[in-house]
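Student:
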Amino acid sequence: MRRVVLRREGVQRVLIFWSAMLPIYLSYRLRWIYGARVEKWTRAQREAALGPMHDRFAPRVAAAALRLGGMYVKVGQIMSMMRGVLPKQYVAALQPLQNGVTPKPLDAMAAIIEAELGAPLAECFASFDPTPCGAASVAQVHRATLH
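Pasting the structure below:
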């Protein structure tokens, strides 16, 4: 049963990723195929031609990374530091991923912790703060006191 659930989640994540990224990829690719060759453009020509596309698609990339979480947020964080490599719109859209990751709800985290420890939270901890003190791309931190 667990393998079926993991496969279903994996398929859902792939569909989310490609539903967000495929239109972006195709838009840029079609612009390149049917327009002038991008590599021959000056920086000003490239910004004028592709700027509106960057403005439209950069927020979608950031939203997809946040929705997918984990590795996608980590990649977005790394990409947000690539000034001069990525267009400024993408760097700006991905910048909030550096410190703006939404924490997971307590019931989801409690299920993970209880599965790992093999016991309910109340048996493992004398106190467990339900509000996370930090959330990142691949982890979340709660204050807790052992018995």
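Each residue of the sequence shown is one higher than the last, beginning at 0 in numbering that gives the first Met the number 0.
Glycine included, every Cβ here is placed at the ideal spot set by N, Cα and C.
A quick note: this is a predicted structure, and the numbers were derived from the prediction, not measured.
1) Within the stretch 58-137, note down every full alpha helix (DSSP H) run reaching 4 residues or more, in order along the chain.
2) Can you give the Cα-Cα distance for Leu21 and Tyr27, rounded to whole angstroms?
3) Of all the options Gly133, Asp106 and Tyr89, which has the alpha carbon lying nearest to the alpha carbon of Val235?
4) Quick one: grab the DSSP three-state call for Met0.
5) So which of Lys73, Val72, Arg45 and Gln94 has the shortest CA-CA distance to Arg82?
6) Any chance the CB of Gly9 is under 7 Å from a heavy atom of the ligand GTP?
Tutor: This is what the structure gives:
1) 70-78, 87-93, 105-116 and 120-123
2) 10 Å
3) Given a span of 0 to 146 for the chain in the structure shown, any question on residue 235 remains unanswerable.
4) Note that Met0 scores 47 on pLDDT, short of 50, meaning its location in the model is unreliable and no value can be drawn from it.
5) Gln94
6) The ligand GTP is not among the ligands present in this structure, which contains no ligands whatsoever.
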